[in-house]
Each structure stands twice: as structure tokens, then as C-alpha cells.
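Have a look at the structure below before the remarks.
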Amino acid sequence: MDTRLFGYINWSLLALMILLYLMGVVNLYSASSTRLDSGMTFSGFYQRQLVWGIFGLCGMAAAMSFDYRRLRNLAWPLFIVAIVLLALVPMTGKTVYGAKRWLSLGFMNIQPSEVAKLAVVLITARILARGKNPLGWKDFFNVIVVAILPCSLIILQPDLGTTLMILLILAGMILFHGLRGYVFKTCLLLAPCAAAFMWFVGMHDYQRQRILTFLNPVNDRRGAGYHIIQSHIAVGSGQLWGKGFMEGSQSQLRFLPERHSDFAVAVFGEEWGFVGCLVLISLFCLFLLAIFSTASLAKDRFGSLLVVGVFFYFFWQIFINISMVIGLMPVVGIPLPFISYGGSATIVNFTLIGIVLNVSMRRFMFKG
Amino acid sequence: MKLLNKKTDTPELGATPSHRNRLFRAWLKIQMEDERYHPPRNGLILLQIFIGVMFFVLVTRLWYLQIQRGEDFARLSLENSLRQERIFAPRGRIMDNAGEIIADNGTAFGLSLVREDCRDISATLTQISVWSGIPLSQLWEIYQQERFKVKSFERIRLLKDINRELLARIESEIYAWPGLEIEVRTKRNYPEKDILAHVLGYVAEVNEKEMEDDQTLAAGDLVGKAGLELELEKKLRGQKGLYNVEVDVHGRSLGKNLKKEPRSGHEVQLSLDLSLQRAAWEALGGEAGCVVVMEPDSGKLRALVTSPAYDNNLFATGISKRDWEALRTSNRFPLQNRVIQSTYPPGSVWKLIMAGLFLEQGISPKESVFCSGEVKLGNQIFRCWKRGGHGSVNLERSLVESCDVYYYLMAEKMGIDKIEAFAKACGFGRETGINLPHERTGLVPSKTWKRSRFGQPWVRGETYNIAIGQGYTLVTPVQIAVYVSALLNGGDLLKPLLTEDETRTVTGRLPLSVKSREFIVAAMRKTAAGGTARVVARKDADMGGKTGTAQVVKLKMAAGDRRLSSSEMEYAQRDHAWVATWGMKQGKRCVVVVMVEHGGGGSSVAGPVAKKIYDHIFGPETATVAATAQ
Chain A
131 MDTRLFGYIN WSLLALMILL YLMGVVNLYS ASSTRLDSGM TFSGFYQRQL VWGIFGLCGM
191 AAAMSFDYRR LRNLAWPLFI VAIVLLALVP MTGKTVYGAK RWLSLGFMNI QPSEVAKLAV
251 VLITARILAR GKNPLGWKDF FNVIVVAILP CSLIILQPDL GTTLMILLIL AGMILFHGLR
311 GYVFKTCLLL APCAAAFMWF VGMHDYQRQR ILTFLNPVND RRGAGYHIIQ SHIAVGSGQL
371 WGKGFMEGSQ SQLRFLPERH SDFAVAVFGE EWGFVGCLVL ISLFCLFLLA IFSTASLAKD
431 RFGSLLVVGV FFYFFWQIFI NISMVIGLMP VVGIPLPFIS YGGSATIVNF TLIGIVLNVS
491 MRRFMFKG
Chain B
397 MKLLNKKTDT PELGATPSHR NRLFRAWLKI QMEDERYHPP RNGLILLQIF IGVMFFVLVT
457 RLWYLQIQRG EDFARLSLEN SLRQERIFAP RGRIMDNAGE IIADNGTAFG LSLVREDCRD
517 ISATLTQISV WSGIPLSQLW EIYQQERFKV KSFERIRLLK DINRELLARI ESEIYAWPGL
577 EIEVRTKRNY PEKDILAHVL GYVAEVNEKE MEDDQTLAAG DLVGKAGLEL ELEKKLRGQK
637 GLYNVEVDVH GRSLGKNLKK EPRSGHEVQL SLDLSLQRAA WEALGGEAGC VVVMEPDSGK
697 LRALVTSPAY DNNLFATGIS KRDWEALRTS NRFPLQNRVI QSTYPPGSVW KLIMAGLFLE
757 QGISPKESVF CSGEVKLGNQ IFRCWKRGGH GSVNLERSLV ESCDVYYYLM AEKMGIDKIE
817 AFAKACGFGR ETGINLPHER TGLVPSKTWK RSRFGQPWVR GETYNIAIGQ GYTLVTPVQI
877 AVYVSALLNG GDLLKPLLTE DETRTVTGRL PLSVKSREFI VAAMRKTAAG GTARVVARKD
937 ADMGGKTGTA QVVKLKMAAG DRRLSSSEME YAQRDHAWVA TWGMKQGKRC VVVVMVEHGG
997 GGSSVAGPVA KKIYDHIFGP ETATVAATAQ
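If you read the protein sequences in the order shown, they are chains A and B. Numbering-wise, the first sequence is residues 131 to 498 according to our numbering. Numbering-wise, the second sequence is residues 397 to 1026 according to our numbering.
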């Protein structure tokens, strides 16, 4: 490999990512411990997260090892693989909490909807990269039609969160690319209709309930509202400076549900307070800005769009997860990158950053 | 890898002969975009706006949660994780007037099961059944009832009070049964059992109504339910202490620290003399009846016995249904405190009150009446207890020999209204104020009472009956003791006191002149010396008394309206035996009232009981003649 390439790597992005990941591991150390009569016990979440990080680094290295422009060739094959996997889920998938989302490979479980997310980003980048003009109706529908198949398969699982995520990433990429005024205006008009359609046809009762509970958590203090209330208490009781590392009573005493996964940032907020949260959010913003700079420096449309896809992939997760924990959005099962525990998520996150770094390091390999 | 990168640099050479695989060739192909690319300006601005908005929104919200409302949430978080646990305060002990303990706190050992730690519930319960002899089905029943009330790491109490022997056995084998724990609790202990059961009463777990009335009580607390335990609850009960317990979301305790020390209750010293109490109990010899021993000058009670009684320890650990039913349905009414809760016709003892009325109404002690053994009123005949009659009888003789005819005729002169007013002024028909719950007032009949009770006017014959303590008149034994004390102490009707530190309380004055009182006292002395109460006479002390034999015409059952079966009628129709006495020796003065239900004659049954009690108070009789006090 040409060693000159390392000089162009977006090192600040890499550093920010590693920093966030380590903060996540430290937070998991606290979140996965529980105070018992006999002292502290640890469940091994933080240890496993460390192992996943090593796998993630391998994924990242792999993602950097080839010219990212070859990914354009991979878009359609990956898309087909994703559709096949998604189609397999209803037949052989594992049922968890009443939803079939996982495929068992024996040694590990994979979530085909994650693969689908990646495939949609790739294929959208490929389609949008065809021309520089803002999208007209034809191209717009091209993108939508391609996205509809995986989305409808995912929403049947049912997994509203991932579906929304794919659509949001798509929307972000389209907006970045630009679309013609009349298309944009029509979409704005149709959005409420689509929302109403989702509410009455696309959603399950429990999903509707979640949104209602979000709007008024006190109505359901013991049930779904419990998450929201306990999470509010955890974050709020951190006050300015926080209760200190390993001192958060909400999480240590297990009042906070899902404290190592979706609500991990509540543990952080409780123990590090407003100051800690300010630092964390600033780091996330810098992290996003680092991705943004790669997108703005990219020398080809495909690379640029790919990075923007990754940008929105992280942006929406960060924004939605933290908003959900602090009560700005209903509870949806979306983890916080690097902070929440999760094997596949960690590998995918690292790999995606690998792609961004790939784009950044190869930005000068153009002759014309 | 190197090869691959080279290819990357020269995409035109994508397919080399060494890579025939078509798929791989497709992978190596790189599609170049021809124009010089510049990212869309609007798109880049959009991304920056997105980041800015996110930062602003999240930080604003966190500011609101953590800074604006941080303190509220901090408080909620604390409430979440802290529970308060009470520490039981020891209840005050109760002692007799010599300091002997009659109620204290012992330990009760129980056996509990912690579901979470128990490997095999069924085998464990079987083992408990083997240990205790309680049928397995019963243990299952307790277990099934309790398991939903407690969390899996909390205790279910299966055996309440195990004796030492069983405790030793269980302790030696318990290691093999995880999940079983021996539990130590305090238990109220009454060493005297039946002898003091009605005075002391008992404690038991608080019920819902009591908790409503007193906010400091919580489920599981022990409170007084009867007797002095109830009356003196405020004094005996200590103040509970508090632990702050840190708990997790399931309520599991993670450690505690003391927030408030418990304060034990006050000790109480009774005026009762335990040895006298025991002697009085012995003297009654198991008969249904009661004894009051009162100091006439202070109003302090030295003995207060009612028989039959019950073992109040049974209640302290939770009485079994079977024991409770047995007590409740017994035809001897062991739950009845006869001293204050049973009302009886006073019989001839009532003549002590009537004599006072006659004196105050100006009847001369010298005035005589001829007793022929009976008096006719219309077609009714009222008899004297003595068939042949007493002949000429004055007031003193009427008391000493208990002539009924004298009272028939004199009461006729007085009329019911005066009798009623006088009896009420002497403390009858109202509570004496003794510190025991559920005291009854007895009954002093009157014209108005009869009209409202039966809707009929008063008839003269009833006045005759009232005059000799029969008919509607009902008194409690303690009322008699208060009246006799007042005769001795200068006319003060005293509240009978049960505790040593209570001060003398006058509840009324006898409407009797000094002369009248002295006359009655002297007549009682004579009655004891040679009259109907001579059984209590002793050479070494100044004694007085009056017996009574109350006919049970209409059986009055105080405890419920259960009718007695015919086989019991014989006993139940026997007369109540009364004796009201006083004794003085070397400045020691006391009043003893004995009542034996269906005992028969006052002088033959109640008198000997009083005699035994005096033997205890004054010691065995000696030959020395007492220097008479008056």
C-alpha cells in the first residue's frame, strides 16, 4: 500500500471515534455493575464491548484497504444479498420480544436490517452519483423504488425504528444532493399524509402506545412510562457535576431499565452531570464535523455521497437516541453509537468510519 | 495487496490475464467521474445546520433537566432508593407494688422460609412438618397464603413460637435446609397467666382501624388490646426507631444506617400486691366469682381477681382459632372481667346503702318494726329470709341479722324516687372510673327508667324488692368496694387506682353525715362479731362486714344472650353469694369484697373466701386482742 496515503487520513476523526468508544466502555463498566448486599458485581458487558472493538478495528482496516470507488461495484450485489437475508428472516428468524429480526448463524446472530441499511446507503450513493443536477421526479422515484423493497420487508418484522432510520438517511442524502423545488414542495405536502398513513395502517398497537406514552408518561407510570420517568430522574438527578463515576443510584440500583444498551447515556448523564453531557455532545458534534469535512473535501460525487450517508447514519442515531433518553422523542429501539453496548453495531460503526477514512485518504488520487 | 493497489492506480488495466474470474474483474473496475467535482454548497450548509440544531436542542433540554429541574430529580432519585425500616421499641415492663415483674418482653423464636434461597419447597415443608408435628397440608396452606404477600427474598413465617427443645433440634439440623431461618422477635410475656389476665389484658398485632386512628402505627406493630395494656398504651408503648435502608428496584436491602434511635416505653408499677392477688385467686378456689381488695383511704387496689380467667400469653403470640373459640363459647365466661363488667343484684349487701338513706331521712335508729316473717301487699306476700320472723327489729339489728321486713316497711315510707337519688349519690349506676376498659355502670332503677324500658308504671311491690337489693338493681363488685371504702375514709367516693403513682381522686361525696357513717360501720363491726358475717371475725383485728345472698330470679347473663341449656339450670339458679367487709389491724386498713356467682349463701360461701384473704393480709390469726381503732 502506498504509505503516502496515511498522510491524508482524517486523523482527528479517528481520534474522536476512539475517544467516544473508550468513553462508552468506561460508562459500560459503571452501567453493568450493580450494587448488591455483598458488594459490587459486574456483568461482562464492558469486557465484551472491548472485544467487539477489536473486531471493529479489523473491520475498519478492511474497509480502508481498498479503493472506496470499488464499492460502487458492490452496491447491487450487496443489495441483493440484503434482500435475500431479509426474506429469510420471517422463515427461519429468531423471535425476540415478539418480533423476528435476527438470523442465527450458529456462532452469532446477525441482524439483516443492518446489512440492508448499508446496502441502501451504497445503492443510493451510486444512483445519486450519476449526475450533478438536482433530482427531478424520475431520479427521485428511482431512489424511492429501490428503498421501498427492503423497507417494507423490515417494517413487517416489525421494526419501525430501522425502517424510519433508513428513510431518514435516504432523506438526508437526497437533501444533500439537492432536489428540484417542485419535488421538494410536493414532498413537504405529502409528509403529513404519509405520517397519518403510518399511524393508522403501518403501526402496531404497541408502537402507537409508545408515542402516546411519550406524550404523557405519567399516564402509564408502571408500564412503558416507567422507562421515560426513570430515565428523566437519572439524567436530571445528575445536576451540574453529576453524582460521580460508579455513584449513580438510578443505574447502580437498577431503577434504570436498559441501562447498558439504549439508555446507556442516561447512566452517563447521571454520573457526569450537565458538564459531562456537554462534553459528550460536543465530542459527538466534532465527530460529525470531522465526517462532514471529509464529505466536503471528497473529490468525487460517489465518495462524497457515501460519506454523507455515513454522516446521516450516525447523526440520526445520536440525535434520536439522546432525544429519547431525555424525553424529546418517544422510545424507539435505537442505540447510541459507541456508547450503547452492542456487538454488530460496534463492528458496523467502526467499518463505516473505515469507509469515511478511506474516502479521506484517497482524495488526492485523481489525475484529472 | 500491493498488486491490488497498483491496479487501483491504473484502473484501465483492470483485467490482467492472471485474474480470469469475471466477478473479480468487475470488482476491480473503477468508474471515474469525468468532471471536476465540487460538493453541492447547499448540501454542505445543510449538514452544518443539522449539527448546529442538534447541539442546540440537546444542550437546551439537558440544561432544563439537569440544572433547572435538577434538584427535583435528585430528590426523586433519593426517594427511589431509600426506604425506611422501623426498629421496634421495647414495651415498658409492668411490676406489682413490690417491684415484682408481671409483664415483660421475652423472645419468641420463629422459623421462616426465604423462597429465593430454598431449593426444594416441598421437601423443606415436609421437613418442617416432621419437626413441628404440624400437618403438611396446613404448612402448605400458610405458604400459599403468604407467598404472594412477600417478595422472593423476604421471609415467610411458618412457625411462630417454637419451644426451646424444638429450637435446639432445628438449630442442629437447619444447615441442611437452605432458605430456612430462625427468626427472633420480641414477645410480651405474662408470667402470672390467668391470675392477672384481666388486669393486664394483652397485646396483639394492630388492626386497620387502630392504624387509621393513630398514624404512627404500622402493620405488624403490637398494641394493647385489653386491660391495662390497652388503658396505658400511650405510656407503655415506646417510640419506634428508624433505619434508612438503601434498596434496589426490587426493594432488596443493600445496607442500612440508623436514623432515629428507638425509645423504650415507660415502666409501670401497679398498686396490686402480687402475693395477695395470688392468695385471693387461691381463696376463690376456681369458683366463678371475683375479689376486690381496696385501701379505703387511698383508693388503691391491692388485689383484683376474677375467675375463671384465661392465659393472656396465648394472645401475645397470636391466639389460635380453636383456643379463641373455646374461650369465647365457654359457659363459664372466662373473658368476662367480673369485677367491673358483670352486674349482679347486690342482695342484702344493699342494706348498707338503704340504712344510710333511712338515717339521712330522719328515721331514728331506735325506731322498731315488728317482723313476723312476712309482709302482705295486696295479694302479694313478701317474706323475710327467716321463716319465723325476727320480732321487734331496729335499724342496727336489721343490719346485723339482715331482717328483710324492716327494709320492706321503711322503703315503703321512702318511695322509689328517694332511693334512686340516694343510690346514685352513693356512686351506683355510674362508672367508678377505674383504669380498665369496658367498665359497666350497673343499674339503679327509677320510675322513668321503667316507663321507658317496659312502658309500664312503677308498682309498689317493686320498691320492696329494691329495698333488699333484688329486682332490677344491678351493681358491680367494685362499686360496692368503693362505697364501703367511703364509709371508712370520711365519705369520699374514690376512683379505684391500679397504678402506684396515681394520686387519690375523689369522684363524689357520700350524702351521709359522720354519725350515720359511724352507725353503719359500727353495725358492720357487730355483724362481723356475731351476726351473719361472723366468719370473718378474728381476735387480733377490728373487723366489719355484711353478707348478701342474691336470688337469681331472672337470670342475667352479661356475656351475650345465650340461653343456658336445662342441664346447667340447677347451677345457674343458685344464689349469688356476696360479702362486703373491712378490716383494720395496726393502722392497716382494707376493704375486701367477695362475690361468688351462684355460690349459695353469702355467709357460708363468700365469707370463708374473705377470711382467707384477711389471713394473708394480717397474717395468721393470733390470740392477742386487737386494740380497736374506734
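For glycine and all other residues, C-beta sits at the position ideal for the given N, C-alpha and C.
Q.
Quick check: is the beta carbon of Gln-635 (chain B) nearer than 8 Å to any beta carbon in chain A?
A. Looking up residue 635 (chain B) in the second sequence gives position 239. Using a CB distance cut-off of 8 Å, Gln-635 (chain B) does not count as an interface residue toward chain A.
Fill in: Where the beta strand (DSSP E) through Leu-555 (chain B) begins and ends
What you label residue 555 (chain B) is simply residue 159 of the second sequence in a count that begins at 1. Run containing Leu-555 (chain B): 551–555, per the beta strand (DSSP E) assignment.
Could you tell me the boundaries of the beta strand (DSSP E) in which Gly-502 (chain B) lies? Translated into positions along the second sequence, residue 502 (chain B) becomes position 106. Looking at the DSSP string, the run of the beta strand (DSSP E) that includes Gly-502 (chain B) is 497–510.
In chain A, which residues lie with their C-beta within 7 Å of the C-beta of Lys-652 (chain B)?
Here residue 652 (chain B) refers to the residue found at position 256 when the second sequence is read from its first residue. None at all; the shortest Cβ gap to chain A is about 11 Å.
What's the gap between the Cα of Gly-266 (chain A) and the Cα of His-307 (chain A)? Here the question's residue 266 (chain A) lines up with position 136 in the first sequence. Here the question's residue 307 (chain A) lines up with position 177 in the first sequence. When rounded, the distance between both Cα atoms is 11 Å.
Practice prompt. Would you verify that the beta carbon of Gly-154 (chain A) is, or is not, closer than 8 Å to some beta carbon of chain B?
Written response: Looking up residue 154 (chain A) in the first sequence gives position 24. No, Gly-154 (chain A) does not count as interfacial toward chain B.
Check: Exposed or buried, Cys-323 (chain A), counting other C-beta atoms within 10 Å across all chains shown (16 or more means buried)?
Finding: Within the first sequence, residue 323 (chain A) is the residue found at index 193, counting from 1. So Cys-323 (chain A) counts as exposed.
> For chain B, is any of its Cβ atoms less than 8 Å away from the one on Gln-447 (chain A)?
Replying inline: Here residue 447 (chain A) corresponds to residue number 317 of the first sequence, with the count starting at 1. Closer than 8 Å: no.
- Item | Cβ-based contacts, 9 Å cut-off: residues of the segment 197–213 of chain A near chain B | Asp-197, Arg-199, Arg-200, Arg-202, Asn-203, Leu-204 and Pro-207
Note to self: Less than 8 Å between CB atoms is the rule here; does Ile-148 (chain A) satisfy it with respect to chain B?
What the structure shows: Position 18 of the first sequence, counting from 1, holds the residue named residue 148 (chain A). By this cut-off, Ile-148 (chain A) is not an interface position.
With a 10 Å radius around its C-beta and 16 neighbouring C-beta atoms as the bar for buried, classify Thr-977 (chain B) as buried or exposed.
Taking the second sequence and counting its residues from 1, the one referred to as residue 977 (chain B) is at position 581. So Thr-977 (chain B) counts as buried.
Does the Cβ-Cβ distance between Lys-652 (chain B) and Tyr-639 (chain B) come in under 8 Å? Indexing the second sequence from 1 puts residue 652 (chain B) at position 256. Indexing the second sequence from 1 puts residue 639 (chain B) at position 243. The answer is yes: Cβ separation under 8 Å.
* Per-residue burial, Asp-813 (chain B) [other beta carbons within 10 Å of its own, 16 or more giving buried] -> For the purposes of this step, residue 813 (chain B) is taken as residue 417 along the second sequence, with counting starting at 1. Per the 10 Å Cβ criterion, exposed.
Please confirm whether Asp-957 (chain B) has its beta-carbon closer than 8 Å to some beta-carbon of chain A.
Reading the second sequence from its first residue, position 561 is the one you call residue 957 (chain B). Bear in mind that a pLDDT of 40 at Asp-957 (chain B), under 50, signals an unreliable position, so the number given afterwards is only what the model happens to contain. No - not a single Cβ of chain A is within 8 Å of the one on Asp-957 (chain B).
*asked:* Restricting to Cα atoms, I'd like to know which of B:Arg-934, B:Trp-536 and B:Ala-807 is closest to Pro-1016 (chain B).
replied: Looking up residue 1016 (chain B) in the second sequence gives position 620. Checking every option, the nearest Cα to that of Pro-1016 (chain B) belongs to B:Arg-934.
ask   = Tell me which same chain residues have a C-beta within less than 6 Å of the C-beta of Leu-525 (chain B), skipping the five on either side of it?
value = Against the second sequence, residue 525 (chain B) aligns to sequence position 129. In the sequence as presented, Leu is not what sits at residue 525 (chain B); that position holds Ser. Leu-532 and Leu-535, listed in sequence order.
Alpha-carbon spacing of Val-156 (chain A) relative to Leu-424 (chain B), whole angstroms: Numbered from 1 along the first sequence, position 26 holds the residue referred to as residue 156 (chain A). Numbered from 1 along the second sequence, position 28 holds the residue referred to as residue 424 (chain B). Their Cα atoms are separated by approximately 41 Å.
*Establish whether the CB of Ile-452 (chain A) and some CB of chain B are separated by less than 8 Å.*
Your numbering for residue 452 (chain A) matches position 322 in the first sequence. With 8 Å as the cut-off, Ile-452 (chain A) counts as an interface residue toward chain B.
Please report how far the alpha carbon of Val-438 (chain A) lies from the alpha carbon of Leu-180 (chain A), in whole angstroms.
By 1-based counting over the first sequence, the position of residue 438 (chain A) is 308. By 1-based counting over the first sequence, the position of residue 180 (chain A) is 50. For Val-438 (chain A) and Leu-180 (chain A), the distance between alpha carbons rounds to 28 Å.
Contact set between the segment 288–312 of chain A and chain B, restricted to residues whose Cβ is under 7 Å from the partner | Of all residues in the segment 288–312 of chain A, Leu-305, Phe-306, His-307 and Gly-308 have a Cβ within less than 7 Å of some Cβ in chain B.
Next on the checklist: Classify Lys-891 (chain B): buried if its beta carbon has 16 or more other beta carbons within 10 angstroms, exposed otherwise.
Outcome noted: The residue labelled residue 891 (chain B) in the question sits at position 495 within the second sequence. When all chains shown are included, Lys-891 (chain B) counts as buried.
In terms of alpha-carbon separation, which member of B:Trp-720, B:Leu-474 and B:Leu-700 lies closest to Val-641 (chain B)?
Looking up residue 641 (chain B) in the second sequence gives position 245. Here the closest residue by C-alpha is B:Leu-474.
Margin query: Could you compute how far the alpha carbon of Ser-282 (chain A) sits from the alpha carbon of Cys-514 (chain B)?
Written below: The residue you call residue 282 (chain A) lines up with position 152 of the first sequence. The residue you call residue 514 (chain B) lines up with position 118 of the second sequence. Whole-angstrom Cα-Cα distance: 50 Å.
**Asked** What are the start and end residues of the beta strand (DSSP E) that includes Cys-767 (chain B)?
**Response** Against the second sequence, residue 767 (chain B) aligns to sequence position 371. First-last of the beta strand (DSSP E) with Cys-767 (chain B): 765–767.
Check your understanding: Exposed or buried, Pro-704 (chain B), counting other C-beta atoms within 10 Å across all chains shown (16 or more means buried)?
Key -> As a first step, residue 704 (chain B) is located in the second sequence; it is residue number 308 there, counting from the start. The residue is buried, with at least 16 neighbouring Cβ atoms inside 10 Å.
Output, in chain order, the set of chain A residues within a Cβ distance shorter than 7 Å of Val-455 (chain B). Here residue 455 (chain B) refers to the residue found at position 59 when the second sequence is read from its first residue. The answer, in chain order, is Leu-408 and Ile-411.
* Given that a residue counts as buried once 16 or more other Cβ atoms are within 10 Å of its Cβ, and exposed if not, what is Val-280 (chain A)? -> The residue given as residue 280 (chain A) occupies position 150 in the first sequence. It should be pointed out that residue 280 (chain A) corresponds to Pro in this sequence rather than to Val. By the neighbour-count rule (16 or more Cβ atoms within 10 Å), Pro-280 (chain A) is buried.
Inset, instruction - Tell me Ile-483 (chain B)'s beta-bridge partners as DSSP assigns them. - result: Taking the first residue of the second sequence as 1, we reach residue 483 (chain B) at position 87. The partner list for Ile-483 (chain B) (beta bridge, DSSP) reads B:Gly-637.
Exercise. Looking at the C-beta of Val-440 (chain A), does it have a partner C-beta in chain B at a distance below 8 Å?
Worked result: Counted from its first residue, the first sequence places residue 440 (chain A) at position 310. For Val-440 (chain A), the answer is no, since every Cβ of chain B falls outside 8 Å of its Cβ.
ask   = Excluding five sequence neighbours on each side, which residues of the same chain lie with their C-beta closer than 6 Å to the C-beta of Val-987 (chain B)?
value = By one-based count along the second sequence, residue 987 (chain B) stands at place 591. Only Met-690, Pro-692, Ala-877, Val-880, Ser-881 and Trp-978 meet the Cβ criterion.
Cα-Cα separation, Ala-205 (chain A) to Val-251 (chain A): The residue labelled residue 205 (chain A) in the question sits at position 75 within the first sequence. The residue labelled residue 251 (chain A) in the question sits at position 121 within the first sequence. Take the alpha-carbon of Ala-205 (chain A) and the one of Val-251 (chain A): they are about 9 Å apart.
- Item | Selection of the segment 663–679 of chain B by Cβ proximity to chain A, strictly under 8 Å | none
Q. Which same chain residues, not among the five before or five after Tyr-159 (chain A), have their C-beta less than 7 Å away from its C-beta?
A. Residue 159 (chain A) sits at position 29 when you count from the first residue of the first sequence. The beta carbon of Tyr-159 (chain A) sits closer than 7 Å to the beta carbons of Tyr-176 from its chain, once the five residues preceding and following it are set aside; these are given in chain order.
Self-check item: Contact set between the segment 473–489 of chain B and chain A, restricted to residues whose Cβ is under 7 Å from the partner
Solution: Ser-473, Asn-476 and Ser-477
- So who's on the other strand from Ala-1027 (chain B), going by DSSP bridges? No statement about residue 1027 (chain B) is possible, as the shown extent of chain B runs from 397 to 1026 and does not include it.
What do you reckon, are the CB atoms on Ala-255 (chain A) and Leu-436 (chain A) nearer than 8 Å? Residue mapping note: residue 255 (chain A) aligns to position 125 of the first sequence, counting from 1. Residue mapping note: residue 436 (chain A) aligns to position 306 of the first sequence, counting from 1. Yes; because the gap between Cβ atoms is below 8 Å, this pair is in contact.
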